[in-house]
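In UniProt numbering, the protein residues as written are 1 to 1124. Here's the structure we're looking at; comments come further down.
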């Protein structure tokens, strides 16, 4: 199909690799392919370097364990095998350690196994226990020095020094009411002068340094600590006073005080601002730091590194000196991203420090001579830390695999939640809001609705993350009014210095600006400048938005709230059996499919030698033969089918990077989340009230919106106290018909069609021993053990499910690579696939946030049809458009109509797309083609069409003077058509918008939600029915619903709902029996929850007695002792 491109902006750089935020970060942290001698001090290397050397404590005997290098082995199983056998895709980690005995100079070197490290797959996810997972990047406040307004005292400022999370205490410098400058550490407060004295400062020296601020100086110089002027103490005295303030319970001794202060603020292992913090502090204070902390410890003395510069800045800010300003903590120059590599290295560091503690303990045991690195190191704490991180961390999430776009979006997520981050309750409005620095870095549109709004966001399409964790975005350099092709990536802080023009500013062919005045923004403020004053220009309008948002055509005509829904709902679209790429695209569709790695591309130039449904062979020009196995009907995390279909034929020449096979939701390499549907926008007998959608049965017939879903069922055979459970076909009390689809082992055959209640895997378990009756004893003595009966505990298809069995899998203890839980002998898995057609209750949506539920499926002959007899497939409600202000869908419908009639597809990029005038011209072209065909077929204008046109002319919708054909052309150019009601054959009185819109079927399907219960399980204590579909529960008839029945006076209905339909045990059993026998339902008795209430009151020591209406005493617990 021919694709026509619109868009005037020439993009100088392509989109960066969309998964690089994951892949690059992990590769850098691991440095697996870098020779040990050339590794940089980041990631795992840094964690090792910080933990080692490990020395003994005070009572030591001179042992030191040092680190030389680490290496990764090969993963024992490949990715597919890990998914199959519930294993983790990981590689063994080995470290070369050196044990030094200081006294004897003895050296011992050993390679020690430190556990397995999960590896990232090519697409940026991990496989943990057989399931694909993604580590989401976290955004947090960057370490560094910040100056903010004091919340409690207006007009005062506070300086805060923030280290890396868990790498030291927060330090605050603030002014007391009296003007004294105090320092807060670990919730303890003391005059700053005290610490400055410890650092060797005198009143004289401070007076000189801060002479510019005479008003604020007394608060520092005159500060007293427990009645003594802090700056008049000796250094040691100040140190001991400081120690008693910080550790009130400990005896004040000089060496203890030195050790404590050192560990608190100047030990690089304990206190760390990190590279980003050091950079931020240097930038803010305009100084050079030697280390990554505030004070340093040299030759037994504490020396100042950055405390005085912080104080100077605070004084300058407080006295209103020009050029000094408070920080905006929501500015992206002050927030950084912790990607996978950093999060993993942090967790690794935690594990290593626990491992080091174990090593120190073991160094004190046994003789130093017999110690070896392997004996000292126990890797359990490290293994546990890594497992904890991948399995339980809030940032390690079950991968969203609904479709290729949802995978990509999940990997580009940025979350402010998680360990060391915010909590939903604490996060205020400011943190969640869009900030001007989000431009080109974080998408202002894509974020969840609800409690997490603004806390979870998405990286903008051109965004990158630098080594310090700040988000970069690209800009084109402008020199002397001419835009060059040089592209610079900038952080938010750097960007604040420049005037930047928008991407759609008109340019001449030679790159000079086409206007004398250019609209630019500087520090987020719009202004107008002369071309030669402009310094940079946006690379592309796409750079503002995330990938999801960039897939919405005519985004510029949609309200932001609906664009948000459109962005989020694309990630919920189910891959369909017949994938169709949109008629109206934005140009990002191809990159999404390519970067998600769900489709297959040729790695070489060559010729296709062989193709079938399961593999493709390509003979490369290098004469090598490349074999590609296709993934067929694999179950995704969300139960959708991951399926690859060949797109090449035998003998075809392919180039490197050319498509070989389409993955899910891909057509010819373009993202295909839905279908192009011919629709009308008009009210339809109230069937499309409240966003409901009327569809034609023809969609079902043509298999549009049919998707394949695969469910996985699993059963374990365990060794129990009563005897082993067995997977078998030999199940008691079942007819041959119930067993017909099971093989000799009792596992269902592949290809069998199963319904709710059918057996998938036969299993028998031994019954619990009860006292046998005399007859059983007799039988047992005659026939032996056989009568010690087994019960049927088979795996059955749950209610409301079913389909075709596509695959079975048996994992037995002792099979290679199989790890089963303790006590489990084998596990059997059955995969059942179902083809789901669209049905009433399914949710449909377009890319502009218009969503609704199918309310009626009509035969095509009842749907409205065009003059040539073509019925529309969907009828949408026009009221869904004006108040929601998502007009992009209307423009898409018009352009889609032109594409439908002309056999074209269009690419119209966001904020740089086709104009309304161009759409009109295309529609005119389409009308001419259509009218010509109509005349050739001998169909002129129909009288009923003339009536509609006359009415339209009266309303001023078309010009009254024009000829009828001209009027019809005008109507068509408005994207409308004369439409006939299929049920009556009469024309609808006004022209109706008819066109082609791209509509997706979302993951919320009624089949998964529909549920019915007559009887089922009950809760143990209250004896009320359980809740929820998963528990096969009932519907909650709550307090307010009871009020409704009371208001109607429906006493009997109310009574049976509260008793026999709920927790009246005798009543419900009797009622069920009565229904089966066709008798009248009996009277209700005492509900169980009343008995529970009475027992609770008795437990409080209250004697509760019950009486009937005739004041006769009632024993409501009569006869229950035996039952309980």
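Here a beta-carbon is modelled for each residue, glycine too, at the ideal position from N, C-alpha and C.
- When DSSP states are grouped into helix, strand and coil, residue 992 belongs to the strand group.
- Inside the region 578 to 664, DSSP marks whole beta strand (DSSP E) runs of 3 or more residues at positions 606 to 611, 615 to 620, 625 to 629, 659 to 662, from first to last along the chain.
- Close CB contacts of residue 1031 within its chain, under the 7 Å cut and outside five residues either way in sequence, are with 1017 (chain order).
- The straight-line gap separating the alpha-carbon atoms of residue 891 and residue 998 is approximately 12 Å.
- Put simply, the region 999 to 1010 does not touch the region 902 to 920. Fewer than three CB pairs are less than 8 Å apart.
- Going by C-alpha positions, residue 43 is about 39 Å away from residue 809.
- According to the DSSP assignment, residue 493 belongs to the alpha helix (DSSP H) that extends over 492 to 495.
- At least 8 Å separates the beta-carbon of residue 445 from that of residue 460.
- Where residue 900 is concerned, the enclosing alpha helix (DSSP H) starts and stops at 888 to 902.
- Of the other Cβ atoms in all chains shown, 16 or more fall within 10 Å of the Cβ of residue 389; this residue is therefore buried.
- Per DSSP, the continuous beta strand (DSSP E) segment holding residue 529 begins and ends at 525 to 529.
- When secondary structure is reduced to three states using DSSP, residue 709 falls in the strand class.
- Taken in chain order, the complete beta strand (DSSP E) segments of 3 or more residues contained in the region 703 to 772 are 707 to 720, 759 to 761, 763 to 766.
- For residue 31, no alpha helix (DSSP H) run applies, since DSSP gives it neither H nor E.
- In the DSSP annotation of this structure, residue 1023 is not part of any beta strand (DSSP E), being labelled neither H nor E.
- Taken through DSSP and simplified to helix, strand or coil, residue 955 comes out as coil.
- With a 10 Å radius around the Cβ and a threshold of 16 neighbouring Cβ atoms, residue 127 comes out buried.
- Around the C-beta of residue 740, fewer than 16 other C-beta atoms lie within 10 Å, and the residue is accordingly described as exposed.
- Annotated three-state conformation of residue 1059 is helix, per DSSP.
- Per DSSP, residue 403 has no beta bridge partner at all.
- Taking 8 Å as the cut-off, the Cβ atoms of residue 647 and residue 848 do not count as close.
- Secondary structure at residue 438: helix, using DSSP grouped into helix, strand and coil.
- In this structure, residue 588 keeps its C-beta atom at 8 Å or more from the C-beta atom of residue 653.
- Residues 1106, 1107, 1108 of the same chain have their beta carbon placed closer than 7 Å to that of residue 1114, with the five preceding and five following residues left out of the count.
- With fewer than 16 other Cβ atoms inside 10 Å of its own Cβ, residue 14 counts as exposed.
- Assigned with DSSP and collapsed to three states, residue 70 falls in strand.
- Take residue 501, set aside five residues on each side of it, and the residues of its chain with a beta-carbon closer than 6 Å to its own are 518, 520, 534, 537, in chain order.
- Between residue 681 and residue 988, the C-beta gap is not smaller than 8 Å, which leaves the two residues out of contact.
- Residue 418 and residue 22 do not touch by the CB rule: their CB atoms are close to 16 Å apart, not below 8 Å.
- About 40 Å separates the beta carbons of residue 617 and residue 873, which is beyond the 8 Å limit, so they are not a contact pair.
- The DSSP-derived three-state label of residue 1065 is helix.
- Within the same chain, Cβ atoms closer than 7 Å to the Cβ of residue 149 are found at 157, 326, the five residues on either side in sequence being excluded.
- Counted as a single uninterrupted DSSP element, the stretch harbouring residue 391 is not any beta strand (DSSP E) but the alpha helix (DSSP H) occupying residues 380 to 392.
- Taking the Cα of residue 124 as reference, the smallest distance to any Cα among 371, 339, 482 is reached at 339.
- Residue 1111 is classed as exposed because its beta carbon has fewer than 16 other beta carbons within 10 Å across all chains shown.
- Exclusion of the five residues before and after residue 291 leaves 268, 305 as the residues of its chain whose Cβ lies within less than 7 Å of its Cβ.
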